[in-house]
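One structure is given here, and the rest of the page talks about it.
Number of protein chains: 2
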Amino acid sequence: MSRKCEQCIASKLNSLKSLSKEELFRISNCKKTKFLKKGGILFDQGVHINGIYCIQKGVCKVSKMGDNGRDQILNFAKQGDLIGERSLISNEVSNLKAIAVSNMEVCFIPKEEIIRDLEKNTNFSMSVLKKMALSLKKSDDIIVDMAQKTVKQRLASILLFLEDQFTKDEEGEDIEINLSREDIASIVGTATESAIRLLSDFKKKRLIELRGRKIFVINRKGLHKLARGL
Amino acid sequence: MSRKCEQCIASKLNSLKSLSKEELFRISNCKKTKFLKKGGILFDQGVHINGIYCIQKGVCKVSKMGDNGRDQILNFAKQGDLIGERSLISNEVSNLKAIAVSNMEVCFIPKEEIIRDLEKNTNFSMSVLKKMALSLKKSDDIIVDMAQKTVKQRLASILLFLEDQFTKDEEGEDIEINLSREDIASIVGTATESAIRLLSDFKKKRLIELRGRKIFVINRKGLHKLARGL
DNA sequence: CGATTGCTTGACCCCCATCAATCCTCGTGG
DNA sequence: CCACGAGGATTGATGGGGGTCAAGCAATCG
Numbered sequence: 001m002s003r004k005c006e007q008c009i010a011s012k013l014n015s016l017k018s019l020s021k022e023e024l025f026r027i028s029n030c031k032k033t034k035f036l037k038k039g040g041i042l043f044d045q046g047v048h049i050n051g052i053y054c055i056q057k058g059v060c061k062v063s064k065m066g067d068n069g070r071d072q073i074l075n076f077a078k079q080g081d082l083i084g085e086r087s088l089i090s091n092e093v094s095n096l097k098a099i100a101v102s103n104m105e106v107c108f109i110p111k112e113e114i115i116r117d118l119e120k121n122t123n124f125s126m127s128v129l130k131k132m133a134l135s136l137k138k139s140d141d142i143i144v145d146m147a148q149k150t151v152k153q154r155l156a157s158i159l160l161f162l163e164d165q166f167t168k169d170e171e172g173e174d175i176e177i178n179l180s181r182e183d184i185a186s187i188v189g190t191a192t193e194s195a196i197r198l199l200s201d202f203k204k205k206r207l208i209e210l211r212g213r214k215i216f217v218i219n220r221k222g223l224h225k226l227a228r229g230l
Numbered sequence: 231m232s233r234k235c236e237q238c239i240a241s242k243l244n245s246l247k248s249l250s251k252e253e254l255f256r257i258s259n260c261k262k263t264k265f266l267k268k269g270g271i272l273f274d275q276g277v278h279i280n281g282i283y284c285i286q287k288g289v290c291k292v293s294k295m296g297d298n299g300r301d302q303i304l305n306f307a308k309q310g311d312l313i314g315e316r317s318l319i320s321n322e323v324s325n326l327k328a329i330a331v332s333n334m335e336v337c338f339i340p341k342e343e344i345i346r347d348l349e350k351n352t353n354f355s356m357s358v359l360k361k362m363a364l365s366l367k368k369s370d371d372i373i374v375d376m377a378q379k380t381v382k383q384r385l386a387s388i389l390l391f392l393e394d395q396f397t398k399d400e401e402g403e404d405i406e407i408n409l410s411r412e413d414i415a416s417i418v419g420t421a422t423e424s425a426i427r428l429l430s431d432f433k434k435k436r437l438i439e440l441r442g443r444k445i446f447v448i449n450r451k452g453l454h455k456l457a458r459g460l
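Respectively, the protein sequence lines represent chains A and B.
Take 1 as the starting number for the first sequence in our numbering and just add one per residue.
Take 231 as the starting number for the second sequence in our numbering and just add one per residue.
Right under this line is the structure:
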């Protein structure tokens, strides 16, 4: 038995909060809740998603495959995030792949319902618009970083980012995400070995600690400096 | 004396085409036409634009300054393009800088007018939404390229892109844009000298020709191959 | 005309991708 | 319970890509 959207925390965190009670109720009735295990594919590149996903629990990595066949991680989505809106709006197959990096609970909302609300409810469409504007700015920042920063700088930033994003969720529960070295490398945009080498370098400098395969930041200031290239 | 938006080609090429006659008429009355010389600043990073620009004639480069102080060119805007929507929608100062790379004629449309239309006219807001979705996809592609492709591959792509985009405008007039080597390097995301070296390499391989400082592609297939890394 | 700006080329060296070998860890089946 | 295999993590060696500094050259402009 799935919960109602009206009572759901996730829908309070994203554009769905701009919907009226009735609209939310209608979505509540047509949504489908799915459970994914870590490693499961939420959706793949090139498929029609035909809707959007609202993430209840867990985290997924959003990536795109380059011409050489290697995946580049572009984003993460966690509790409260909506994914799939871009493809839905431009009415195309997905240009991205989404894979769970922890066990997940997500709600699928069919396309027609979202489109209808976008066209009827200006608050909602403005909210989505704002969200996309924000994403666009983030993308700009990433491009500049990719173009101008060294791998070391980018890795430092990303360690800080990961620590900020993935510690506790809204309910205060621990988020256990366990990225492989390969994952980390493919966020940074570098070879796995390079990432590993830099990590052990950071460890020597007492910026991070490695317990098992997990990474703990123990000197944020130091990493910040590195990220800026100082 | 400025033309009416209703008769303007540029407004037929962008989201403004979704506006009703009356909406367009109102914009026509409050818009301000500006002329910029090559090198002129349309807007700078960190300023309140308080509206959007609709480009009538000419081309500008859209860039963002990185932490090291170097500009990264993120985009070009030409006849029919709207710029400034992102900052307008998220109600922030501009995160980008726009500089004319040829003489330009642009129309400034004040914020209030656009916001009003976004909130009243669903066709318009959906059109803007689609435009942004497209930009977002392009950004994703660029990030992947930046992360995975070599400077040589990126330069090859960009030469093809520039040739596609900037030869003739809608009226069939030549677009004369004259990018410096530094500009080209800062699209690719590399040092000026590296770009120059690669250009002379491409010339030796008879892929391009250099007449004065202008670059002419004479072997598209060859460049395509290079861009793919073959 | 200097003078400033942009273009070009050379030299140098470091970052990082790649290949290869080893080690570690964990799940599986005997 | 242990052996063993597979995938991930780590470290080493190596070579090339590309960033940086510097000097010479062309072009544009007051």
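Backbone N, C-alpha and C fix where the C-beta goes; we use that ideal spot for every residue, glycine too.
Among residues of its own chain, excluding the 5 on either side of residue i, which ones have a beta-carbon nearer than 8 Å to its beta-carbon?
{"i": "Gly296 (chain B)", "result": "Gln302"}
{"i": "Met146 (chain A)", "result": "Arg154, Gly189"}
{"i": "Gly459 (chain B)", "result": "Lys379, Thr380, Gln383"}
{"i": "Lys327 (chain B)", "result": "Ile271, Phe273, Asp274, Gln275, Val292, Ser293, Lys294, Met295, Asp301"}
Below 8 Å on the Cβ atoms is my contact criterion, and I expect residue i with residue j to pass it. Report the Cβ-Cβ distance as a whole number of Å.
{"i": "Leu223 (chain A)", "j": "Leu160 (chain A)", "result": "5 Å"}
{"i": "Ile109 (chain A)", "j": "Lys31 (chain A)", "result": "5 Å"}
{"i": "Ser90 (chain A)", "j": "Ala363 (chain B)", "result": "4 Å"}
{"i": "Thr456 (chain B)", "j": "Ala425 (chain B)", "result": "Note on residue identity: the sequence assigns Leu, not Thr, to residue 456 (chain B). Leu456 (chain B) to Ala425 (chain B), Cβ: 14 Å. No contact."}
{"i": "Lys38 (chain A)", "j": "Val93 (chain A)", "result": "With a Cβ gap of about 25 Å, Lys38 (chain A) and Val93 (chain A) do not count as contacting."}
Kindly list, in the order they appear in chain A, the residues whose Cβ is closer than 7 Å to that of residue i.
{"i": "Gln302 (chain B)", "result": "Ile143, Val144, Ala147, Gln148"}
{"i": "Leu437 (chain B)", "result": "The contacting residues do not exist; Leu437 (chain B) stays about 19 Å from chain A at best."}
Could you tell me the boundaries of the alpha helix (DSSP H) in which residue i lies?
{"i": "Ile282 (chain B)", "result": "Counting along the chain, Ile282 (chain B) falls outside any alpha helix (DSSP H), though it belongs to the beta strand (DSSP E) covering 281 to 287."}
{"i": "Phe25 (chain A)", "result": "21 to 30"}
{"i": "Arg316 (chain B)", "result": "315 to 320"}
{"i": "Lys294 (chain B)", "result": "Counting along the chain, Lys294 (chain B) falls outside any alpha helix (DSSP H), though it belongs to the beta strand (DSSP E) covering 290 to 295."}
{"i": "Asp301 (chain B)", "result": "It is not in any alpha helix (DSSP H) - Asp301 (chain B) instead sits in the beta strand (DSSP E) that spans 301 to 307."}
{"i": "Val418 (chain B)", "result": "411 to 418"}
{"i": "Phe446 (chain B)", "result": "Unbroken run through Phe446 (chain B) is the beta strand (DSSP E), 444 to 447; no alpha helix (DSSP H)."}
{"i": "Glu163 (chain A)", "result": "151 to 165"}
Got a sec: is the Cβ-Cβ distance from residue i to anything in chain A below 9 Å?
{"i": "Asn298 (chain B)", "result": "yes"}
{"i": "Ser461 (chain B)", "result": "Chain B is shown from 231 up to 460; residue 461 (chain B) falls before or after that span and cannot be answered."}
{"i": "Arg316 (chain B)", "result": "yes"}
{"i": "Gly276 (chain B)", "result": "no"}
{"i": "Thr420 (chain B)", "result": "yes"}
{"i": "Glu322 (chain B)", "result": "yes"}
Ignore the nearest five residues each way along the sequence and tell me which others in residue i's own chain have a CB closer than 7 Å to its CB.
{"i": "Phe216 (chain A)", "result": "Ile208, Glu209"}
{"i": "Lys131 (chain A)", "result": "Ser15"}
{"i": "Glu335 (chain B)", "result": "Thr263, Phe265, Gln286, Lys287, Gly288"}
{"i": "Ala240 (chain B)", "result": "Cys284, Ile285, Gln286, Gln309, Gly310"}
{"i": "Leu247 (chain B)", "result": "The amino acid occupying residue 247 (chain B) in the given sequence is Lys; Leu does not appear at that position. If we look at Lys247 (chain B) and ignore the five residues flanking it on each side, its Cβ neighbours are Ser241."}
{"i": "Lys350 (chain B)", "result": "none"}
Please report the residue range of the beta strand (DSSP E) in which residue i lies.
{"i": "Lys327 (chain B)", "result": "327 to 330"}
Counting only Cβ pairs nearer than 7 Å, list the residues of chain B close to residue i.
{"i": "Ile89 (chain A)", "result": "Leu359, Lys360, Ala363"}
{"i": "Asn95 (chain A)", "result": "Lys367, Asp370"}
Counting only beta-carbon separations shorter than 9 Å, does residue i have a partner in chain B?
{"i": "Leu118 (chain A)", "result": "yes"}
{"i": "Leu42 (chain A)", "result": "no"}
{"i": "Lys34 (chain A)", "result": "no"}
{"i": "Lys64 (chain A)", "result": "yes"}
{"i": "Glu23 (chain A)", "result": "no"}
Interface residues of chain B around residue i at Cβ under 9 Å?
{"i": "Asn50 (chain A)", "result": "Result: empty, since nearest Cβ-Cβ is about 16 Å, beyond 9 Å."}
{"i": "Asn14 (chain A)", "result": "Correct list: empty, because the minimum Cβ distance to chain B is about 16 Å."}
{"i": "Thr122 (chain A)", "result": "Leu348, Glu349, Lys350, Thr352, Ser355"}
Taking 6 Å as the limit between beta carbons, can you name the residues of its chain near residue i, skipping five residues before and five after?
{"i": "Glu253 (chain B)", "result": "Asp347"}
{"i": "Leu198 (chain A)", "result": "Lys152, Leu155"}
{"i": "Gly281 (chain B)", "result": "Phe338, Ile339, Pro340, Lys341"}
{"i": "Ser127 (chain A)", "result": "Ser15, Ser18"}
List the residues of chain A whose Cβ lies closer than 8 Å to the Cβ of residue i, in chain order.
{"i": "Arg458 (chain B)", "result": "Asp67"}
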